[in-house]
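First the structure, in the form of structure tokens, and then the observations on it.
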Amino acid sequence: MLREFWLLDASYDVMGGIPEVRLWGIDRSGERVVVLDRSFRPYIYVLPDEGAEERAAKRIAGIGGKFGVIGVEIVDKKYFGKPVKAVKVTLMSPRVVPQLREAVAKLEGVREVLEADIRFYMRYMIDKGVRPCGWHSVEVEEVPNEHGWRVGKVYLAKSTPQYLGPEDPPDLRIYAFDIECYNPFGEPNADRDPIIVISVKRGGEVKVFTAEGKDDKPAIAAFIEDLQTYDPDVIVGYNSNRFDWPYLLERAKRHGLKLDVSRGGGEPTPSVYGHYSIVGRANVDLYDFAEEVYEVKVKTLDNIADYLGVKKRSERVVIEGHRIHEYWDDPSKRPLLIRYSIDDVESTYGLAEKFLPFAIQLSNIVGLPLDQVGAASVGNRVDWYLMRAAFEYGELIPNRVERPYEPYRGAIVLKPSPGVHKNVAVLDFTSMYPSLMIKYNVSPDTYVPPDEVVDDSLIHVAPEVGHRFRRDPPGFYKKVLESLLEARRGIRVKMKGLNPDSPEYRLLDERQRALKVVANASYGYCGWVGARWYKREVAEATTAWGRKTITETIALARKLGLRVIYGDTDSVFVVYEPEKVETLVKAINEQLNLDIKVDKVYVKIFFTEAKKRYCGLLEDGRVDVVGLEAVRGDWAEIAKEVQERVIELILKEGDVGEAVNYVRRVIEDLRNGRIPFEKLIIWKSLGKGLDEYEVEAAHVAAAKRLIESGYRVAKGGKIGFVIVSGSGRLADKAVPYIMLKSMSEVDLDYYVRKQVIPAAMRVLEYFGVKENQLLETGQRTLLDFFGG
DNA sequence: ACTAGGCGGGG
DNA sequence: GTGTACGCCTAGT
887 MLREFWLLDA
897 SYDVMGGIPE
907 VRLWGIDRSG
917 ERVVVLDRSF
927 RPYIYVLPDE
937 GAEERAAKRI
947 AGIGGKFGVI
957 GVEIVDKKYF
967 GKPVKAVKVT
977 LMSPRVVPQL
987 REAVAKLEGV
997 REVLEADIRF
1007 YMRYMIDKGV
1017 RPCGWHSVEV
1027 EEVPNEHGWR
1037 VGKVYLAKST
1047 PQYLGPEDPP
1057 DLRIYAFDIE
1067 CYNPFGEPNA
1077 DRDPIIVISV
1087 KRGGEVKVFT
1097 AEGKDDKPAI
1107 AAFIEDLQTY
1117 DPDVIVGYNS
1127 NRFDWPYLLE
1137 RAKRHGLKLD
1147 VSRGGGEPTP
1157 SVYGHYSIVG
1167 RANVDLYDFA
1177 EEVYEVKVKT
1187 LDNIADYLGV
1197 KKRSERVVIE
1207 GHRIHEYWDD
1217 PSKRPLLIRY
1227 SIDDVESTYG
1237 LAEKFLPFAI
1247 QLSNIVGLPL
1257 DQVGAASVGN
1267 RVDWYLMRAA
1277 FEYGELIPNR
1287 VERPYEPYRG
1297 AIVLKPSPGV
1307 HKNVAVLDFT
1317 SMYPSLMIKY
1327 NVSPDTYVPP
1337 DEVVDDSLIH
1347 VAPEVGHRFR
1357 RDPPGFYKKV
1367 LESLLEARRG
1377 IRVKMKGLNP
1387 DSPEYRLLDE
1397 RQRALKVVAN
1407 ASYGYCGWVG
1417 ARWYKREVAE
1427 ATTAWGRKTI
1437 TETIALARKL
1447 GLRVIYGDTD
1457 SVFVVYEPEK
1467 VETLVKAINE
1477 QLNLDIKVDK
1487 VYVKIFFTEA
1497 KKRYCGLLED
1507 GRVDVVGLEA
1517 VRGDWAEIAK
1527 EVQERVIELI
1537 LKEGDVGEAV
1547 NYVRRVIEDL
1557 RNGRIPFEKL
1567 IIWKSLGKGL
1577 DEYEVEAAHV
1587 AAAKRLIESG
1597 YRVAKGGKIG
1607 FVIVSGSGRL
1617 ADKAVPYIML
1627 KSMSEVDLDY
1637 YVRKQVIPAA
1647 MRVLEYFGVK
1657 ENQLLETGQR
1667 TLLDFFGG
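Heads up: the first sequence is residues 887 to 1674, going by my numbering.
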């Protein structure tokens, strides 16, 4: 019989010597199913010395018996665009591939072993054109559910699943969870500290499981049972891969409980990209997607939920992490802790509604299962996208190789003309790097090495760096990027005919975003030494063409009589004269065959002498701040707030005197202890391990103090500290904010002189304000200000 | 007075 | 573990 299913997760096992791919999904009637495919066998490619294919094949066949090899054939493939003969070696068991790979690599006449590092179910999906988060139809036969898997039907595939598309996804059962742990010693430790609250939300319902005193066994058992009963398709948490799952697993183990929450029977297992795999379901850590919300500096759950409008911070219980145990020990405070946990799980559920539609499209496009695509880095996502493309083009997939880092030149940034400018248009190239890669056919497989003689008419030569690329045939990157941009264009056309409130529209919008994300990541990817399709010359040539493009654009703008104020990478800021700008846009289109458009118009824009730092007032009254302290995460909130207000007063009101008065008032408030201490916290990330630092910076010293007090501090973590009074280096005065005993310890003078004043002066100095004017007390009138 | 280390945000 | 360019702070000499 023919069945249609939507693919949620893939796994495999070897049953009686036969590999079995398991496709976990949902059928058209909403039943949860698994489709088993026993027809596929693993294989690798061997690239022999040229002309030695037959001999290599014989040698491989000779040792094949030991590895369960069932096929050795010579096939025609391409490797970096060049036709090659490769030996395809097929075997029975995916588990033997690593050994086979090693043995074959040692054989005489073998240049390279390829595609031996692709996980079996990924290999299957690529070869069969099967895509996660999409519908497939397949001829099946129902078989008994021998293993007691948590599905309605077990099917054995009788044909290759046919991919149908991503439209009309099924209603997914989503299960959000969050745990709170007892933490009297700072960071909770699973060997010692119990879980005190587990909150879950599924459908519209919230449930809370609590420990009995310090005994968390009943809560964990109840959680396991609840999860099994609800039988979710997607399990979401916030930082669950790095905290909740390992903690739960450890606690369950101590109690002799099995955290048996998968559909295939088994616990969550640590898997690729640092995620936990839960067979048959998608375990999605929403923190992975929150990381890409650049507007939020400190990515706590409450901050992200607040920013995205999921749950206002003001309308929820906020408890400082290190105080959680106090709320457990004090029975009168417990209800607050419960409420806090519920607010967290509701926020998590809300985030799932925001992020999952995008995650689903990204998974479908990139080809990584839903639970991996978020955890995978940008580079890995592009890698998998390209591996699918390579398969379609008959290209062999290059191995990952460790290479030394090779720096190369990047983009051009113009020196801005400082001060206030009125009516400034920002012209932006659309997808400049992908467009240039397409235009000049920049790709590892079109690259012509310096020693090769080729007629000039057949190549593009990159400016400055001189790298050469063949004009024809289209290279790997060109083909991939063209199809990405084309798919995106097609979707945007489709969207025009749809109601923006319809689910179809939302799906397409998320899909075009995902396509854009992959296309825009490809330049960075090609210059990443870890990329399978890495080629320094490709990245270097692309930026060189970028520099030429922007330089020519500026020259053209000036020739047309436009005043150029600033430019960076792929954007040019000009004093807005609509007719001239229109002429420029057309000329760029015709002469360079690239798209440039007016991205925004600033009524007023202010530049300091520094590059990459400015602020501007948009036509709709919004203020853009770029690069300045107000938008940086490593300044105290009070400094950012002051600068933001100063910018507003200057750009919107044009009132320098009021800006000065405002700063004075803040300084006075600060000195009188009227500024809440949260606004004095400075956040900085730990870029490396604590022992790797050459100099003792303030945040490093603060992190060491945290460790001494029993907190765990990891590489990449954010350290929040305040500066306290005392002598010596700043580092000697940096105290983690959670260890501050009293507000009276704070060095208010530091905040005045090193935070508020510099942030304000960054802007005000261009208006003739002197630092000591900010330090004077009392309010002044505008007249006083300009008079004295 | 100077350089180097470190970090963040942005095109 | 996608890229480079840039500014600015502080430590350290």
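We put the beta carbon where it would ideally sit given N, CA and C, even for glycine.
- Straight-line spacing of the CA atoms in GLY1099 and ASN1069 works out to 14 Å.
- Contact between the segment 1217-1236 and the segment 1083-1098 is established, with three or more Cβ pairs separated by less than 8 Å.
- The segment 1477-1490 makes no contact with the segment 1517-1534: fewer than 3 CB pairs, one atom from each, lie closer than 8 Å.
- Here the C-alpha atom of ALA1430 lies approximately 49 Å from the C-alpha atom of PRO905.
- The three-state reading of DSSP puts LYS1197 in coil, since its state is none of H, G, I, E or B.
- Annotation for VAL1351: GLU1426, ALA1427 and ALA1430 place their beta carbon closer than 7 Å to its own, counting only its chain and skipping 5 residues before and after.
- The beta strand (DSSP E) runs lying completely inside the segment 1263-1335 and spanning 3 residues or more are 1305-1315, given in chain order.
- When secondary structure is reduced to three states using DSSP, HIS1346 falls in the strand class.
- Per DSSP, TRP1214 is one residue of the alpha helix (DSSP H) stretching across 1210-1215.
- Assignment of beta-bridge partners to PRO1156 by DSSP yields TYR1162.
- In this structure, GLU1028 sits near VAL1040, with a CB-CB distance shorter than 8 Å.
- Per the coordinates, the alpha-carbon of VAL1094 lies some 56 Å from the alpha-carbon of GLY957.
- In the displayed model, MET887 falls within coil according to three-state DSSP, outside both helix and strand.
- Judged by DSSP in its simplified three-state form, TRP1131 adopts helix.
- If you keep only unbroken beta strand (DSSP E) runs of at least 3 residues inside the segment 1602-1671, you get 1604-1609 and 1620-1622.
- For VAL975, the number of other beta carbons within 10 angstroms of its own is at least 16, and it is reported as buried.
- Annotation for HIS1022: the continuous beta strand (DSSP E) segment containing it runs 1021-1029.
- The three-state secondary structure of MET978, taken from DSSP, is coil.
- With fewer than 16 other Cβ atoms inside 10 Å of its own Cβ, SER1218 counts as exposed.
- With the rule of 3 Cβ pairs closer than 8 Å, the segment 1235-1242 counts as touching the segment 1054-1065.
- Every alpha helix (DSSP H) of 4 residues or more that sits fully in the segment 1477-1539 is shown, in chain order, as 1523-1534.
- The C-beta distance from ARG1422 to TYR1271 rounds to 21 Å, too long to meet the 8 Å contact threshold.
- Partner residues in the beta bridge of SER1085, as assigned by DSSP, are ASP1064 and VAL1094.
- Linking ALA1138 to VAL1599 through their CA atoms gives a straight-line distance of about 25 Å.
- One thing to note: TYR1279 has its Cβ within 8 Å of the Cβ of LYS1365.
- When DSSP states are grouped into helix, strand and coil, TRP1035 belongs to the coil group.
- Within the segment 1334-1411, the runs of alpha helix (DSSP H) that reach at least 4 residues and sit entirely inside it are, in chain order, 1362-1382.
- Contact between LEU1113 and LEU922 is ruled out by a C-beta separation of about 24 Å, above the 8 Å threshold.
- Nearest to GLU1465 by alpha-carbon distance, out of THR1435, VAL1552 and ALA1311, is ALA1311.
- Contact between ASP1171 and GLY1260 holds, since their C-beta atoms are separated by about 6 Å, short of 8 Å.
- Closest in alpha carbon position to ASP895, among PHE953, ILE1110 and PRO1118, is PRO1118.
- Straight-line measurement puts the Cα of LEU1650 at about 16 Å from the Cα of SER1303.
- THR1435 and SER1457 have their alpha carbons spaced roughly 10 Å apart.
- With the rule of 3 Cβ pairs closer than 8 Å, the segment 1433-1450 counts as touching the segment 1458-1477.
- Per DSSP, the unbroken beta strand (DSSP E) holding ARG908 starts and ends at 904-913.
- Nearest in C-alpha terms to LEU1050, of all of PRO1074, ILE960 and ARG914, is ARG914.
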